[in-house]
Structures are given as structure tokens and as C-alpha cells.
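Respectively, the protein sequence lines represent chains A and B.
Using the working numbering, you'd call the opening residue of the first sequence number 632 and step up by one each time.
Using the working numbering, you'd call the opening residue of the second sequence number 632 and step up by one each time.
Glycine included, C-beta positions come from ideal geometry on N, C-alpha and C.
Only a predicted model underlies this, so the values are computations on that prediction, with no experimental measurement involved.
Accompanying notes for the structure given below.
Number of protein chains: 2
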Amino acid sequence: MRAEILTIGDEILIGQITNTNSVWMAQQLNQIGIKVVHMASVSDDDSAIVRAFDDAMTRADFVFITGGLGPTKDDITKKTFSAYFNAPLQMDERVLEDVSLFFSKRKRPLTELNRNQALVPQGCFVIRNPDGTAPGMWMKKNNTVFISMPGVPYEMKAMMTESILPKIVNENNLPKIYHRTVLTQGIGESTLAEMLETWEDALIHKNIKLAYLPQPGLVRLRLSTFGPDMQVLKNNVDGEIEKLEAQIKKYIFAYENYGEEPPTIEKVVSDLLRERGQSLSVAESCTGGYVSSLFTAIAGASEIFKGGIVPYANITKHTLLGVDKQLFETVGAVSEECVEQLAKNVRLKFNSDYAISISGIAGPGGGTPEKPVGTVWVAVAGKEKVITGKFLFGDNRSRNIVMTANAAINMLRKFMLETV
Amino acid sequence: MRAEILTIGDEILIGQITNTNSVWMAQQLNQIGIKVVHMASVSDDDSAIVRAFDDAMTRADFVFITGGLGPTKDDITKKTFSAYFNAPLQMDERVLEDVSLFFSKRKRPLTELNRNQALVPQGCFVIRNPDGTAPGMWMKKNNTVFISMPGVPYEMKAMMTESILPKIVNENNLPKIYHRTVLTQGIGESTLAEMLETWEDALIHKNIKLAYLPQPGLVRLRLSTFGPDMQVLKNNVDGEIEKLEAQIKKYIFAYENYGEEPPTIEKVVSDLLRERGQSLSVAESCTGGYVSSLFTAIAGASEIFKGGIVPYANITKHTLLGVDKQLFETVGAVSEECVEQLAKNVRLKFNSDYAISISGIAGPGGGTPEKPVGTVWVAVAGKEKVITGKFLFGDNRSRNIVMTANAAINMLRKFMLETV
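Spelled out as C-alpha cells, the structure:
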């Protein structure tokens, strides 16, 4: 079954608000096996709405409409709905009770405008709104179901979850959909695509679709499939992921299951530290506090994060973290020797199990022919060992910072896995 | 002039990513006087894309398309574009140079897939991509201009700002538009709106539109007007801003001029430090490195930022920054006494002119009846004086971190202005 999501309201078209309703609805519909084939946003304008309805009818079995149901004059969805289905508005007594209760509970008077919220098109299946005053409306035309809901996110979500989705699942025999996403770090999108070409070409025979979703320093690989039997879908996708692992295991840091929050690399490492009862500290120069801020953004960070130092001025690498002063004259602060000392010493200072240290040239200034902008040294220290790595990123400062953080945190993850 | 925004990619339709590109583009187009009449999202499917192109042509003078330009097989926008305009793909030598440079800078090989990024439809006006490998494409059909861009937000934004918007403004006789935005910190949106009610009501007679743009801890007030004579527009808006200053001067930390990057509060303070040849260090607990990362995100940070310490575990406030151990037993780490000592000592450790210190309860855990989640103490130290402030933010961890950073940095800004 195919669906379209239609958002009505000028606030979307002038860029005043981000359309988060559509994302949420798409996720929910996907989970019950309904494919969203189109999303559109139109203004509070009668002819634009009618044209969108007509277009949607040619593409979709269900049209999910939000917005334009408020009591004020700029909201015209209900009037347009009534005219489109040739169904005059009439008072729905049950909705009027809901609306009256809504205002009496809040000790506010029931005005004429509010009473009119209980008018619905004749023959409409009414969806009650437990959290607001505008009811939802379900109407059918030429085999397409049109469902109109308020644009207020929590009102829409309650109606979808409590009434609309269960009704759709009950009344239709829906195919199942299954997605799984593989999260990789340390390899570019195109290199990955070339490595996986043969594997990727074979996916079509299994009815599996692959998408590459790049972020700075990371690439997510999403496998999607649909069919009648969820177990078969899972086996197919998971089987392909096993083959994938054989090829690119060293780049994979996590899996994202559909409907779950995508795991960040710092969350993966935080969880690993928490499981083992271990802790971390950080000495970061060119990332300037960003790595620490990633770990401390996670609730409960104090269980695993002891603290960090940002020795931004070279002299503070010496005064605060005991880096040999002569290094700055010989190999420089962006060097293996420097990050090695930083990692060892910050770990001791914070008395943590592990430490990450970073020194590099974020740019745009500060590059030399030998150490161009984007050159970064990272070290990871444990109780018995220090490992180091050199990276060369690009010339964009903010990307360099993000890519360095991802690379450094993944270095710690691998180090931890090797030192079980 | 009317525009349509079209997003291509399955990741939108399955609800995997939120469509923030459309919001940003709508804002930019609005500012140059182009009305967005429709937004749509379709999948990476040839017939869906062609149908969306046909529909857009009947509604809009400009169609802004993002997505589907990656080098991998799931991205089909360029192929569809080429077929739609009946314009075979051919190698663009200038783009090939850009792409080759992109990879050689990163010391990565130029693969066949990467080379193909330089293929563009015959007769297409090529928009260079300073931050990636997929060029933008500008084609015209039946008086409608179709502009295809990559879906990666920072690539799209750079192309829009540097090439596409200026080209549109130059080639069309658009009415002049003038915006100026006043940036405030430390006052909520609704309190501000109540204070400004009379002033705001009078704006309508001057054809000036006011928008409140809230962010965590900040509110931006945008004044917009349009007409044929830029000088008249400027005089009108600037006159109103003078009246505004008389009312809310103490909350204003900067102004955003049209077409300029909006100044962040950390940029304002960085510039002030740089002008005076002064420097800063930071000791931050509940913000966990976030304040340091804000300052170091700015190019040239090493001129003004000496470094920071994140003494996340209480004991490290004592061992690294000399906070009196007994404090933790008596008033606790979230206290005026603690931040005072942190600020004084971190300033001395880094030998900086100023220091910021922060200690608070970001949440969701750790609150008590006396110090609920959202309680934060901030201190700012100069050579001769330390000032402190207590804040009570909300119960959302990530908002608390951002609001604390904004409040602390603005405290330093005011402190600096008083100690000229």
C-alpha cells in the first residue's frame, strides 16, 4: 500500500518551522509496511490544497494530511475538505462534548469559534483528539483514503498512535518492511562503493535496496526490503550483512535497527566503558573541547568520563601535561611524540583507565608543506600501552574537527576491543 | 517570482532524516523576495522525479532540487536530469579539475566513479561545488529554471550563498529587500514580546515585518522590509532599531546585517579579545568542553584562547584546579565558592587575561530539592575582580548545556565592556 504525506500551512513554506511531523509519520507508516511515495507541503490556499488532493489520489491509497485545522480564518483545510467531498459541515455531538470538556477543564469559556471545531463533513469517520479541540477526519474518494489531522505534533501523534494506525493495520493485509543500517568509520563513500560492487550487484536478486548515507568521517549503509514474512526478510538482510562483515568488518562500529535511535560512535564507546566499569580522560588541542563535549552530552557521563584538558597554547602542553618542551623545537606539537606524552600524562592526571589525545592543524591557517592543514596525530593510552595514528583530512576547519573526533573515538573503541 | 523546492531521496520518505535543507532554502528565498509555493519529496525513482519536474513547471519560475547526486548507483538525479532536458552527459574539464584537486589534496586516488562526478548535461550552466565533488546544474525549460544541487547541507548552502542566490538577484529585477536582526541574550521570547508590544504595533505603518526567532538562551529579532529604494528601507529599519535599543539595550549583544553570517556570541567575544590583544581560559564542569569547543571552532582561535580544563569528576576540581576539598562537603561543587575558585585558578594556570568557570546540574539526574536540575553557577575572572551569577534553566540536558554556554559567554562580554 502506498501513502502520501501532505502538510498544509504557510509556516512551512516560508521556512519558519521544520517539518518534523512528516519524518515521524513516515517512520510510523514504514513500520506497518506502508510505503510513503511522496511528501508535499502547500500553503493555506484552497486551489493549492485541491490540486494536491487530486495529485495524491493518483499516487496513493492513503493521504495523511496535517495542518490548517485551527479555529482562525487562515485555517481552511476543513472547508476545503467539505467541498472536495461534497459533504456539508454538520455538528458532531460527541466531538462537541470533547471540546466543551476541554475548555471547562481549563476553566476557559466555550466561544462560538471553539464550538465550530465540532463541525465535521457529513459521512466523515471522526477521529477523536484526546489532546486538543480539532477532531481528525477520515474520508474516502475513488479508493483513496484522506485523513486530516491537526498540525500540532503531540495531537497528531496521539491520534495516529491511538486511532489511525491500529485502524489501518486491522482493515488491511499489509506487507512487512525491514531495514537495517550498518555504521562505518574511516572509509570514504566511493572507496566503500568500489569495494562492495560485486556484493551490491547481487542484492537486487534478493529484493534488497542499498543506500549510502555519508556524514563527516562516517558512512551509514542502509539495507531495506519488504515482503509478507518478517522472518524471511530478516534472514535475507542479516545474511547479506554477514557477507558484508567479511569484507569491511574493520570499518563497522555499530548497527542501527529500524525504529531505534541511531547510535553515535561516542555512545558506543560510552556504553562499552560503562559495561566494563572503566573510565576515560581526554587531552585535545585542535579539537578544542569537542571530544569532551561529545562524551559529556550523554546523560550519566560522570560514570565514565573523568575530565579533559584543552592545552591549546603550546606552552600549556608542557606546563599542564608535562610534554617535553624541546619537542616544540624539534618535531613540533603536531607529532607522534607529543600525542604520546599527552595521552600518557592526561591518563595519569585524571587517574582514568584510558585516555585520548589529539594534536593537529584544523585550519584554515597554520599549514606547512610538510604538515598541511588537516594533518592530525591521535594517541590512545591504556594502562600498559599507547597507540598512535596519523590522519590527513581536508581544508575545512569544522569538518576537520568532526572527522578527527570520530577517528579518535573509533581508535579508542578498537583499542578497547583488542584489550579485553 | 515563485519557487518550488524538491527533495530527492528515499532517506526522506522513510523518515530516516529530517528535511532541514528545505527550511533553510525557504528562508533564503524569502529574503530575496521569492515566494515558495510548493515543497515536495520524492524517491530516487526516475518516473517520480520526472512527474515532479512536470508538476513543478506548471507552478514555479525556479525549481530548487537537492539530493541524488552521489557517485553511487542509488543516486539517479543527474541521469534523469540529462534525459529530461534531452542533453547528453559530457565531461566538464573545469569540474574535473575541481574533483581531481579534491582527491589529490586528501591524498586519495581519483577513481572512475569520482571522475564521473565531472559529467554534466550538455548546455548546462555548471555551479561549482567548493566543498564536495558533485557540481550543481542549472537548466531551463519552458521559462522554468531547474537547479540541481547535492543533498549534503553544507555543500548545498555554499553553492546557494556563493553562486545561485547572487545569480538570481542579478538576473532578475527583484524588489529590494532589507533585513536587520537584533540578537539578544538573557530574556525569553514572551517577556520580550510584552515589553515591545507598543513599539511592535507601530511597525505596520512603516511596512516593516517583525519576526521572533528563538534559540536556546537567545532570541533574534528580525526586522524586514521591501521597496524600490534601498536607502529609504535602511533608514526606516535603522530608525526603528534605535527606538528598540532605548528599551532593551542591556539584552542586545550583536546585530546581524543582511547577507552576513549571523554573529554568534562567542564570535563577538573573540573579536573583542582580539581587538584588545587579550586572552581567555575556561574551567567548565557541566558544559563538559562545550564552551571551549565554541571558541576553538572559530578560525584563529589560538590568538585569544589559551586553553581549558574540564574537571568533570569532583576530585579533579581539587587536584587540577586547587578548589578547597572541604567545599564539596559543605556547599557542594555547584556553588558560588566553587566557581569563584575555579575561575581564579584556571586564569592563573593558563596565564590568561580572563577566565570563565561553570559548575551546574545539566540533568536528567543529579537534582535535589535545593539544587534542582538546571541549576548552574558561573564565574568570570579578570586580573582584579571575579563576578559570579546563578542561573536556573530547564530539565533538558542538551538545552541546559547550550543555555549555560550562552549565558556564561555573555557574562564575560559585559564584564569586558565594564572594564575597558
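Considering only beta carbons, the part of the segment 919-937 of chain A lying closer than 9 Å to chain B consists of G919, G920, Y921, V922, S923, S924, L925, F926, T927, A928, I929, A930, G931, A932, S933, F936, K937, in chain order.
Of all alpha-carbon atoms in B:R690, B:I663, B:F684, B:V673, the one lying nearest the alpha-carbon of S674 (chain A) is that of B:R690.
The beta-carbon separation of L849 (chain B) and Y843 (chain B), rounded to 11 Å, does not stay under the 8 Å limit for a contact. Of the other Cβ atoms in all chains shown, 16 or more fall within 10 Å of the Cβ of V1011 (chain A); this residue is therefore buried. Neighbours of N650 (chain A) in chain B, taken as residues whose beta carbon is under 7 Å from its own, are N650 in chain order.
Put simply, the CB of N804 (chain A) is far from chain B, with every gap to its CB atoms at 8 Å or more. With respect to chain A, the C-beta atom of V800 (chain B) has no partner C-beta closer than 8 Å. For S910 (chain A), the closest C-alpha among the options A:I946, A:L925, A:N801, A:I935 is that of A:I935. Following the DSSP letters along the chain, one finds I879 (chain A) inside the alpha helix (DSSP H) bounded by residues 861-879.
When 7 Å is used as the limit between beta carbons, F981 (chain A) is near these residues of chain B: T947, in chain order. Around the C-beta of P719 (chain A), fewer than 16 other C-beta atoms lie within 10 Å, and the residue is accordingly described as exposed. A Cβ-Cβ distance of about 14 Å is found for the pair V868 (chain A) and I835 (chain A), leaving them out of contact under the 8 Å criterion.
Looking at the backbone, the Cα of T638 (chain B) and that of Q647 (chain B) are separated by about 14 Å.
Residues of chain B with a Cβ closer than 8 Å to the Cβ of M688 (chain A) do not exist, since the nearest Cβ in that chain sits about 14 Å away. Of all residues in the segment 657-678 of chain B, those with a C-beta nearer than 9 Å to a C-beta of chain A are A657, Q658, Q659, L660, N661, K666, V667, V668, H669, M670, A671, S672, V673, S674, D675, D676, reading in chain order. Closest in alpha carbon position to S1029 (chain B), among B:P1003, B:G994, B:K975, is B:G994. In the DSSP annotation of this structure, the continuous segment of the beta strand (DSSP E) that includes Y843 (chain B) starts and ends at 840-846.
Among the residues of chain B, those whose CB is under 7 Å from the CB of S821 (chain A) are P702, T742, L744, N745, following chain order. The beta carbon of V900 (chain A) sits closer than 7 Å to those of I1040, L1043, R1044, all from its chain and outside the five residues before and after it, given in chain order. For secondary structure counted as the beta strand (DSSP E) over 3 or more consecutive residues, the segment 786-827 of chain A holds these complete runs in sequence order: 807-816. Close CB contacts of M787 (chain A) within its chain, under the 7 Å cut and outside five residues either way in sequence, are with N652, T697, M780, P781 (chain order).
For L951 (chain B), the nearest CB of chain A lies under 8 Å from its own CB, placing it at the interface with that chain. Only K840, L841, A842, Y843, L844, P845, R853, S855 from the segment 836-870 of chain A bring a Cβ to less than 8 Å from some Cβ of chain B.
Three or more Cβ pairs closer than 8 Å define a contact, and the segment 1014-1025 of chain A falls short of that threshold against the segment 943-959 of chain A. Here S678 (chain B) is exposed. Its C-beta has fewer than 16 other C-beta atoms within 10 Å.
Checking the DSSP bridge columns, you'll see K1021 (chain B) partnered with B:W1008. By a beta-carbon distance limit of 8 Å, Q816 (chain B) contacts N1037 (chain B). Their separation comes to about 6 Å. Under the three-state reduction of DSSP output, M632 (chain B) falls in the coil class, being neither helix nor strand. Collapsing the DSSP output to three states places T918 (chain A) in coil. Looking from the CA of F716 (chain B), the closest CA among B:W655, B:I680, B:E802 belongs to B:I680.
Inclusion of N650 (chain B) and P702 (chain B) in the CB contact set at 8 Å is not warranted, their separation being larger than that value.
Under the DSSP assignment, T1035 (chain A) falls in the alpha helix (DSSP H) whose first and last residues are 1028-1049.
Collapsing the DSSP output to three states places L852 (chain B) in a strand. Contact note: S731 (chain B) does not reach chain A at a C-beta cutoff of 7 Å; the least C-beta distance is about 14 Å. When DSSP states are grouped into helix, strand and coil, Y886 (chain B) belongs to the strand group. The shortest CA-to-CA distance from V757 (chain A) to any of A:Y785, A:S794, A:G920 is the one to A:S794.
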